[in-house]
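Working notes for the structure below.
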Amino acid sequence: MDYSSIVLSVRNSIALVFVIRGDVLSAGTGFVFFREGVLVTCNHVIPEGDVSIKLKFPDSENYLSATVMIRDMVHDVALLKFDDLSRKPLQQAEQDSIKEGMPIIFSGYPLSLLSLITHQGILSSILKDATGKTAYLIDGTVNSGNSGCPLMTAAGKVIGVVNAKQMEQSELLGRVQEQKIGAISIHGLDIMQVLHAIINNVQLGIGYAIPCSYIPKPPANDSFGGTDNG
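This is the structure we're talking about:
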């Protein structure tokens, strides 16, 4: 299927999210939603503390400043506000249109690439845990940096937020991830840094997303107003 017209229609509302404290600490993806000046991303993309958040949209060389409006650590989602009302919010899909097996696309900045990358896949399963919390299982290429991508229908309507890739991890790999970079060096090569990079970038082709229903709505009286599209 040709998604080129859909990607063209949504791309300028999807931003690369940088979080800076001296050096870049983390990077992910975010998208304009609900109304102008509001960006949805994953909570884990934005570490707590005194950080600077910058957004870069694909049609501009400028970096926009953003601040946190709302954090939801339970569902791993955050709302940011930024001062550019020219960015149009993406539209939400109707709930009854979301079916297991449907084709999906998601656009973002995997591996901290500066170019917007679009992947396609299918909605493999709609999962519920023991508490009734819903998650979408994606059969598609989800990489580090895709966190905060809009999960969209083939028509470009948002059904959720990509927030994780699935990777079964052994106890040994778990202990490796707990080790600090710089702990082991061979011929000047930081072995822990290499292993962290391998673990973070391994790709099994399966990812998760949260439904739009878990995205908190921005306060109606926020200073960066705009038209509500929620």
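Just so we're aligned, residue 730 is where the sequence shown starts under our numbering, counting upward by one. Positions of the beta carbon are idealized from the N, C-alpha and C atoms, including for glycine.
query	result
Hey, Ser873 and Pro818 are a contact pair by Cβ (cut 8 Å); roughly how many whole angstroms apart?	Actually they do not touch by this definition, with Cβ atoms about 26 Å apart.
Using 8 Å as the Cβ pair cut-off and three pairs as the minimum, do the stretch 839 to 858 and the stretch 760 to 771 touch?	no
For Ser844, report the span of its alpha helix (DSSP H) as first-last.	Neither: Ser844 is in no alpha helix (DSSP H) and is coded neither H nor E.
Is it the case that the Cβ atoms of Lys810 and Thr796 are separated by a distance below 8 Å?	yes
Would you call the CB atoms of Ile827 and Ile867 closer than 8 Å?	no
Between which residues of its own chain and Ser734 is the CB-CB distance below 8 Å, once the five residues before and five after are set aside?	none
Cα separation between Cys941 and Arg750?	30 Å
For Leu843 and Ser781, what's the separation of their Cα atoms in angstroms?	18 Å
Helix or strand or just coil, what does DSSP make of Asp801?	strand
Take Leu737 as the anchor and find which of Arg764, Ser755 and Pro787 has the nearest alpha-carbon.	Pro787
Is the distance from the Cβ of Gly936 to the Cβ of Gly861 below 8 Å?	no
Which of the three DSSP states is assigned to Arg764 in this structure?	coil
Using a Cβ-Cβ distance under 8 Å, would Leu852 count as near chain B?	Absence of chain B from the displayed structure is noted, only one protein chain being present.
From which residue to which residue does the beta strand (DSSP E) around Ser836 run?	Pro832 to Gly837
Figure out for me which residue from Phe763, Gly850, Leu754 and Leu745 has the closest Cα to the Cα of Pro948.	Phe763
Taking the beta strand (DSSP E) that Ile827 falls in, what are its first and last residues?	Looking at the DSSP string, Ile827 is not in any beta strand (DSSP E), and its letter there is neither H nor E.
By Cβ distance below 7 Å, which residues in the same chain neighbour Val761 in space, the five residues on each side in sequence not counted?	Ser742, Val767, Leu768, Arg816, Lys817, Pro818 and Leu819
Have a look at Leu814, Asp813 and Val890 and flag the residue whose alpha-carbon is nearest the alpha-carbon of Gly759.	Val890
Which whole-angstrom value is the C-beta distance of Asn892 and Ala938, which I expect to be below 8 Å?	6 Å
Assuming Val887 is part of the alpha helix (DSSP H), what are its boundary residues?	It is not in any alpha helix (DSSP H) - Val887 instead sits in the beta strand (DSSP E) that spans Val887 to Lys894.
Does the Cβ of Pro839 have 16 or more other Cβ atoms within 10 Å, making it buried, or fewer, making it exposed?	buried
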